[in-house]
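Position 78 (the sequence shown) corresponds to 78 in our numbering; numbering is contiguous. C-beta atoms are modelled at their ideal positions from N, C-alpha and C, and glycine is treated no differently. Note sheet for the following structure.
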Amino acid sequence: MNSSGPLNPADVSLNSSYPSPIVVPLDFIDKQSQASREELNIDESGLYVMSKALEEFMRRILRESTNNCAEELTYDRIAEFIANSEFKALKEFFPERVRFADVMDQMCKSE
Numbered sequence: 001m002n003s004s005g006p007l008n009p010a011d012v013s014l015n016s017s018y019p020s021p022i023v024v025p026l027d028f029i030d031k032q033s034q035a036s037r038e039e040l041n042i043d044e045s046g047l048y049v050m051s052k053a054l055e056e057f058m059r060r061i062l063r064e065s066t067n068n069c070a071e072e073l074t075y076d077r078i079a080e081f082i083a084n085s086e087f088k089a090l091k092e093f094f095p096e097r098v099r100f101a102d103v104m105d106q107m108c109k110s111e
């Protein structure tokens with residue numbers, strides 16, 4: 001299975017190993033979800049699905065932030081994409097850059 005597309009349930013049977021490649025290691029997902037894992041009752045299949053969802057999320061951000069590799073990936077492009085996308089809820093984690101001089105100008109104007 002190629003990891004660039006959506007997860008096909010037929011690709012994962014309950015008692016088989018997971019298709020590769022797994023870009024986001026299940027151990028990482030396991031560690032990050034420890035706090036809510038018991039509450040949500042997440043098993044290894046759930047970790048795999050979360051891994052694939054995170055992988056697709058990262059692909060989308062990278063693809064859209066670089067105009068499909070036509071431009072260099074920068075923090076400003078990631079912040080702009082997130083601010084103008086369906087991922088606006090993440091805007092506080094990726095705020096648009098504010099230059100120090102602009103902040104100082106605003107402070108001087110308000111005084």
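| query | result |
| --- | --- |
| Spatial distance of residue 91 from residue 44 (CA atoms) | 30 Å |
| Rounded separation between residue 86 and residue 55 - CA only | 17 Å |
| Between the CA atoms of residue 93 and residue 81 - distance to the nearest angstrom | 13 Å |
| CA nearest to the CA of residue 52, picked from 28, 41, 64 | 28 |
| Inter-residue spacing [alpha-carbon to alpha-carbon] between residue 58 and residue 109 | 40 Å |
| Exposure of residue 24, with buried meaning 16 or more beta-carbon neighbours within 10 Å | buried |
| Closest residue to residue 78 among 69, 61, 46 (Cα-Cα distance) | 61 |
| Residue 87 CB to nearest heavy atom of the ligand PLP below 6 Å | As presented, the structure is devoid of all ligands, the ligand PLP included, so that no description of it is given. |
| Endpoints, the alpha helix (DSSP H) within which residue 100 is located | 100–110 |
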